[in-house]
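Asks: Read in order, the letters of the sequence shown correspond to residues 71 to 359 in the working numbering. Every residue gets a Cβ at the ideal spot worked out from N, C-alpha and C, and that includes glycine. Below is the structure I would like to discuss, written out as structure tokens.
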Amino acid sequence: MKAPRNSIAFVVTALFFSTSFLFAENWPSWRGPSYSGSRAGENYPTQWSADKVTWKVGLSGKGASSPVVWKNRIFLTAPAEGVDTALAFDLDGKEIWKTEFGAETKAKHMKLGTSSNASPVTDGKGVFVYFKSGTFAALEMDGTIRWKRNLAEEFGRQDLYWDQGSSPVIIGDLVILPRLHAGDSWVAGFEKSTGKIRWKQERNFEVPAENDNGYTTPIPIRHGDRNALLVWCSDHLTAYAADNGSLLWTCGGFNPKGKKLWPPIATPVVAGDIAVVPVGRDDRKQAEV
């Protein structure tokens, strides 16, 4: 199938293995179940070939969010004719449902940016989506809206040089979302069932220009015997209790020379008890780990 002109093609490929193998495990969030972009296994392909594409579906607008998978459903976001939209497909590429929310807020940098950067997250009972417009919503698995709120209307627009990039994560009965920008920054836990804010933790540091512009996603972790999350932004790595948002610890010192224009874009990776934190800018030969 040829993608329509001026659309982005959403592609699922199969290289020497079937789609049933590819989706043998759920991939419910950005970077997958471990938030590391990896999964156990072997015999994965080392080359990608266009002649092995299983199917391709054209979308009506550009979205930078990653698809997430639960059993036989694929969920993603993209604008449809200028409207924030969540979509569901089956594993054969057939559209199952499409839910619209309202007018998209156009990307600031149209060549690179989109209004649908945040990836959905699902627990198999609902799907949670977030858009640049501020729309933050929960859908049932059949695409009906469970709840919807607009964080831009409630708390003001995010002050970012680039476009919003953080994705929501699920921990227990909460869906957690950060708003990390040059304005009042915070992380909050929303009830999955109602969208009500259970806790909201301020997160503001005095840092050089643009280093408080955050595009990272929280990482769920275990801290002792409790669920927690890591947040990387503003030259600081912080840990919060997932149930009430209380600050567990803060680690600074990542930018001792006070370099500016170091916005945190890449999210850290956790392996065991170690967090690997990407710091600086490679394009200025200032990248560190």
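1) Is the beta carbon of serine 316 closer than 8 Å to that of tyrosine 310?
2) Taking the alpha-carbon of alanine 173 as reference, which of Ser186, Thr116, Asp121 has the nearest alpha-carbon?
3) Compute the beta-carbon to beta-carbon distance between isoleucine 241 and valine 257, rounded to the nearest angstrom, for a pair I have assumed lies under 8 Å.
4) What residue does the alpha helix (DSSP H) around leucine 221 start on, and which one ends it?
5) Going by DSSP in three states, glycine 122 sits in which element: helix, strand or coil?
6) Going by beta carbon distance, what residues of the same chain come within less than 6 Å of lysine 178, once the five residues before and after it are set aside?
7) If you draw a straight line from the alpha carbon of valine 340 to that of asparagine 113, how long is it in whole angstroms?
8) Below 6 Å CB to CB, which residues in the same chain sit around glycine 253 once its five sequence neighbours on both sides are set aside?
9) According to DSSP, is histidine 251 helix, strand or coil?
10) Verify whether the separation of the beta carbon atoms of lysine 28 and leucine 182 is less than 8 Å.
11) If the criterion is Cβ atoms closer than 8 Å, does the pair arginine 268 and valine 301 meet it?
12) Using a 10 Å radius around the Cβ and a threshold of 16 neighbouring Cβ atoms, would you call lysine 202 buried or exposed?
13) Would you decide whether aspartate 343 is buried or exposed? Buried here means 16 or more other CB atoms lie within 10 Å of its CB.
14) Whole angstroms are fine: how far does the CA of threonine 155 sit from the CA of glutamate 223?
15) Which value, in whole angstroms, describes the spacing of the CA atoms of glycine 133 and phenylalanine 275?
Replies: In short, the structure shows the following:
1) yes
2) Selected option, being the one with the closest Cα: Ser186.
3) About 12 Å; that fails the 8 Å criterion.
4) 221-225
5) In the sequence as displayed, the identity of residue 122 is lysine instead of glycine. It is helical.
6) Correct list, in chain order: Asp233.
7) 24 Å
8) Closer than 6 Å at Cβ, skipping near neighbours: Asp229.
9) coil
10) For residue 28 there is no data in the structure shown, the boundaries of the chain being 71 and 359.
11) no
12) Buried, by the Cβ-count rule.
13) By the Cβ neighbour-count rule, aspartate 343 is exposed, with fewer than 16 other Cβ atoms within 10 Å of its own.
14) A direct Cα-Cα distance of roughly 19 Å separates glutamate 223 from threonine 155.
15) Roughly 31 Å separates the two Cα atoms.
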